[in-house]
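Taking it in order: structure first as structure tokens, then the write-up.
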Amino acid sequence: MARRNRGGSKLPLIIGIAVVVIIAFLAIGQYNSLVNVEEDVSNKWSQVDNQIKRRADLIPNLVETVKGVAGQEEKVYGDIAEAQAGLARAASTEQRIEADQQVTSSLRGLIALQTTYPDLKSSERFQSLMDTLEGTENRLGIARKDYNDSVTLYNKKRRSFPTSLYASAFGFDKKPYYEISESDRENPTVDFNSDSK
Numbered sequence: 014m015a016r017r018n019r020g021g022s023k024l025p026l027i028i029g030i031a032v033v034v035i036i037a038f039l040a041i042g043q044y045n046s047l048v049n050v051e052e053d054v055s056n057k058w059s060q061v062d063n064q065i066k067r068r069a070d071l072i073p074n075l076v077e078t079v080k081g082v083a084g085q086e087e088k089v090y091g092d093i094a095e096a097q098a099g100l101a102r103a104a105s106t107e108q109r110i111e112a113d114q115q116v117t118s119s120l121r122g123l124i125a126l127q128t129t130y131p132d133l134k135s136s137e138r139f140q141s142l143m144d145t146l147e148g149t150e151n152r153l154g155i156a157r158k159d160y161n162d163s164v165t166l167y168n169k170k171r172r173s174f175p176t177s178l179y180a181s182a183f184g185f186d187k188k189p190y191y192e193i194s195e196s197d198r199e200n201p202t203v204d205f206n207s208d209s210k
């Protein structure tokens, strides 16, 4: 009978080890899944960043073209230069989002000059740059949406049980959404059919 007790006492130990191993495998699987989703967020952000860079490279040509017709609009040019400098200084994702919003806002002032300076509308170079800018803005919008979709998936996964038990402990912090600012929610009024000279 003593032998049965010894054999029976190993069963709880074996069950305990099996439970620990199963939990460890589940945790490793959840951890790896979270790593994959976080990498997707990083990839999507780099796509946003690529389009921001593309637009940043386009802006100096656009400004120079406008300066040829509307050289006296120093405030508009200063706002753009300041916004571009802020974008160059931005280190974190949150700072880059905020700086990009300032660039977008400052570009509105430049684009609005078309109503004041009709010669801009007839400039082939300006129209070509505007077409390129429009395409870039469209790509940037798609990249922002893809980034936000990826952030949604990551943040949901991070907050769901059992992942939420260890996500913060392993450095999986909440990711920021790319949200437009309140001023960007307002639609600017631009009249491209103005006949003012």
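In my numbering, the protein residues as written are 14 to 210.
Ideal Cβ positions, reconstructed from N, Cα and C, are used throughout, including at glycine.
Query, Result
"L126 beta carbon less than 8 angstroms from that of V61", "no"
"Beta-carbon gap between Q114 and S59 smaller than 8 angstroms", "no"
"Under the three-state DSSP convention, the category D186 falls into", "coil"
"Which listed residue (P189, I27, N168, S46) has its alpha carbon closest to that of E111", "P189"
"DSSP state of I193 mapped onto helix, strand, coil", "coil"
"Counted within 10 angstroms of its Cβ, other Cβ atoms place V164 as buried (16 or more) or exposed", "buried"
"Y191 versus Q85 - alpha carbon distance", "34 angstroms"
"Proximity of R171 and L71 at Cβ, strictly below 8 angstroms", "no"
"Euclidean distance between Cα positions of K13 and Y167", "The structure shown does not extend to residue 13, since the chain is modelled only from 14 through 210, so no value can be given for it."
"Reference I93, options D132, L24, L120, closest by Cα", "L120"
"Helix, strand or coil at Y167 [DSSP, three-state]", "helix"
"Cα-Cα separation between E150 and A69, rounded to whole angstroms", "11 angstroms"
"Meets three-Cβ-pair contact criterion under 8 angstroms: the stretch 134 to 147 and the stretch 101 to 111", "no"
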